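S.K.:
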Amino acid sequence: MILAGIDIGTNALRLLIAEMRRKGSRVEFRPIREERRITRLGEGMVNSGLLSPPAITRTLRALKEFHAVVAEHPVDDVIAVATSAVREAGNRRLFLDRVREEIGLEAEVISGEEEARRTLKGVRYGLRADDRNILVMDIGGGSTEWMVVTDGEVRGMKTVGIGVVKLADRYLASDPLSEADRHRLIRGIEETIGPVLTSLGSFTRHGENPPISGHRLIGTAGTVTTLAALELRMTVYEAARIQNMSLGLEQIEAWYRTLVGMSLNERRTLAGLEKGREDLIIPGTALLMTAMRLLGMREVIVSDYGLKEGVLIDWFERNIDSHR
1 MILAGIDIGT
11 NALRLLIAEM
21 RRKGSRVEFR
31 PIREERRITR
41 LGEGMVNSGL
51 LSPPAITRTL
61 RALKEFHAVV
71 AEHPVDDVIA
81 VATSAVREAG
91 NRRLFLDRVR
101 EEIGLEAEVI
111 SGEEEARRTL
121 KGVRYGLRAD
131 DRNILVMDIG
141 GGSTEWMVVT
151 DGEVRGMKTV
161 GIGVVKLADR
171 YLASDPLSEA
181 DRHRLIRGIE
191 ETIGPVLTSL
201 GSFTRHGENP
211 PISGHRLIGT
221 AGTVTTLAAL
231 ELRMTVYEAA
241 RIQNMSLGLE
251 QIEAWYRTLV
261 GMSLNERRTL
271 AGLEKGREDL
281 IIPGTALLMT
291 AMRLLGMREV
301 IVSDYGLKEG
311 VLIDWFERNI
321 DSHR
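Numbering-wise, the sequence shown is residues 1 to 324 according to my numbering.
#1: Can you tell me whether DSSP reads Thr235 as helix, strand or coil?
#2: Considering only C-alpha positions, which residue in the set Glu114, Leu197, Gly163 is nearest to Thr223?
#3: The alpha helix (DSSP H) spanning Met45 covers which residue range?
#4: Could you check which residue in Leu312, Arg93, Ala240, Ser25 has the C-alpha nearest to that of Thr119?
#5: Between Glu238 and Val302, what straight-line distance do the alpha-carbon atoms span, to the nearest angstrom?
#6: Which one of Phe29, Gly161, Arg128 has the shortest CA to CA distance from Asp138?
#7: Taking the C-alpha atoms as reference points, what is the distance between Ile17 and Gly5?
#8: Does the Cβ-Cβ distance between Ala80 and Glu114 come in under 8 angstroms?
#9: With a threshold of 8 angstroms on Cβ separation, who are the neighbours of Glu274 within its own chain once the five nearest residues in sequence on each side are excluded?
#10: Can you give the Cα-Cα distance for Glu317 and Val27, rounded to whole angstroms?
#11: Which same chain residues end up closer than 6 angstroms to Lys308 when comparing Cβ atoms and leaving out the 5 residues on each side of it in sequence?
#12: When you compare each of Asp169, Val149, Thr144, Glu153 to Gly49 by their alpha carbons, which one comes out closest?
#13: Distance, Cα to Cα, Glu72 vs Gly90?
#14: State the start and end residues of the unbroken alpha helix (DSSP H) segment that holds Lys121.
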């Protein structure tokens, strides 16, 4: 089967068209086409609680472009999911109706827990090394999820309602970021995620609190992949080069110091920094850095695989028998 998966995120939209097949008990896929657009659908929601008209317009335009790409391929089905921004928006019905009426696409609004479950499927598919004891961190635009796998079994998932877009709206009040704003940003992150990270210990073998001993940290989504691209000074993004790459805490701390010391325009000149992430990379890096410090993790393994892959794998696993 050929499937198309669309991830309607708070910051970015992602499209993956892939050929799916079953090989024994394992689902395998071959990517055919991938697209990504930064539309900042959740921009301004911290104050309004609503998807703004400009953000809706940008997102609908991107979805129409995705629809045209899908039409170029013999796709059997399209699976679209919407995450934090849409599920929290007071006018989400308006947005979903326009997506259906203008594009002919039915988008499923998934919970933070469901987002984490499908993301984990995508991440585990792409890991090169042993995935029996891992902690996956998914930094989104409007929410962040952690998923714990212990002895090969999914033991628990946690989600918090902060991501790079919300943090940027709340804390990026100066350019370059002032010392006071830096303290506010880090303190706000610590206060929000601290209790959640402490609770992750209950999902491990012995119920220990962080650091979670014996677990490797895996990072997925735009912040982590962008940091990898910055480290490699990529002028053209190559997913294969950053997949399973290791980033040390000291590298991430060094990038944070560099990024906060630069203006928005200066960051735009950095090789590896995708257009549209010039401001968001600061709260994303701060969030990753703070989580690693609180967890006692010295490195993070980068995963380009995530929700868009997990959406297709999950759908295929649940539906393949009925489509034979």
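Each residue gets a CB set at the ideal place from its N, CA and C atoms; glycine is no exception.
Treat the numbers as computed from the prediction; the structure is a model and nothing was measured.
M.R.: In terms of the structure at hand:
#1: Secondary structure of Thr235 (DSSP, three-state): coil.
#2: For Thr223, the nearest C-alpha among the options comes from Gly163.
#3: 45-48
#4: Leu312
#5: 13 angstroms
#6: Gly161
#7: 6 angstroms
#8: no
#9: Excluding its 5 nearest sequence neighbours in each direction, Glu274 has C-beta neighbours in its own chain below 8 angstroms: Ile38, Gly222, Thr226, Ala229, Tyr237, listed in chain order.
#10: 7 angstroms
#11: Here the set comprises Gly5, Asp7, Arg14, Leu16.
#12: Asp169
#13: 35 angstroms
#14: 112-126
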